[in-house]
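In what follows, a structure is listed as structure tokens, so that the remarks can point back to it.
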Amino acid sequence: MNALSHWRIKPFVNELTSIVLAQLVEKKAEKDRWKKAINQWGSSMIFVVIATFVYLYFFKLPDASSFENPLTLIFGDEMVWICTIFIIFSSFQMIWMKKKYKKADDDFEAIRSDFIDRNEEWWSDEEQWNQRHIVFEFMKKEYNINIFHK
């Protein structure tokens, strides 16, 4: 609800509409947080995979003899095990975060669709109804929330 204090759209909305718009902003922020977390974990996982291959190619491969089994060489190194465990943990973490992101996205879309479907109910008088495009443009510009249409 802190977002309401600086909104320049107060004259164009009633209290109930501003509460629903604040919920939209909060759900959008939650959705964006999960997306950012997924991207960070994915980036770190890609970095660890690349670092593991660089480590194997430049540090382990030159030391290996031609008679040594490559699997023994790879899985006998504790650094490879640490990286493998991190990659497995990151995979499960990303699966869990994608579920949270999907739930946040579904909640956001449900509120947004409900707001669009009940558009006539949110504007109490003719003046607010005629000025609702200002609110729509503000939400699109400030928060990247499209409430013009589904």
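Just so we're aligned, residue 2 is where the sequence shown starts under the numbering used here, counting upward by one. Beta carbons are placed, not taken as given, at the ideal position from N, Cα and C, and that holds for glycine. Computed from a predicted structure; not experimentally measured.
- Between Leu-72 and Asp-107, the alpha-carbon positions lie close to 45 Å from each other.
- The three-state reading of DSSP puts Phe-68 in coil, since its state is none of H, G, I, E or B.
- For Val-49, the uninterrupted alpha helix (DSSP H) segment begins and ends at 16-56.
- With a threshold of 16 other beta carbon atoms within 10 Å, Ile-86 falls short and is exposed.
- Of the residues assessed, Val-55 falls on the exposed side of the cut-off, its CB having fewer than 16 other CB atoms within 10 angstroms.
- Taking C-beta atoms as the reference points, Ile-39 and Lys-103 fail to come closer than 8 Å.
- Of the residues assessed, Lys-37 falls on the exposed side of the cut-off, its CB having fewer than 16 other CB atoms within 10 angstroms.
- Met-95 is the residue among Met-95, Trp-82, Gln-132 whose C-alpha sits nearest the C-alpha of Gly-43.
- Annotated three-state conformation of Gln-132 is coil, per DSSP.
- Distance from the CA atom of His-150 to the CA atom of Ile-117, rounded to whole angstroms, is 6 Å.
- Trp-130 counts as exposed, since fewer than 16 other C-beta atoms from the protein chains shown sit within 10 angstroms of its C-beta.
- Contact annotation, Lys-32 with Ile-146: C-beta distance approximately 10 Å; criterion of less than 8 Å not satisfied.
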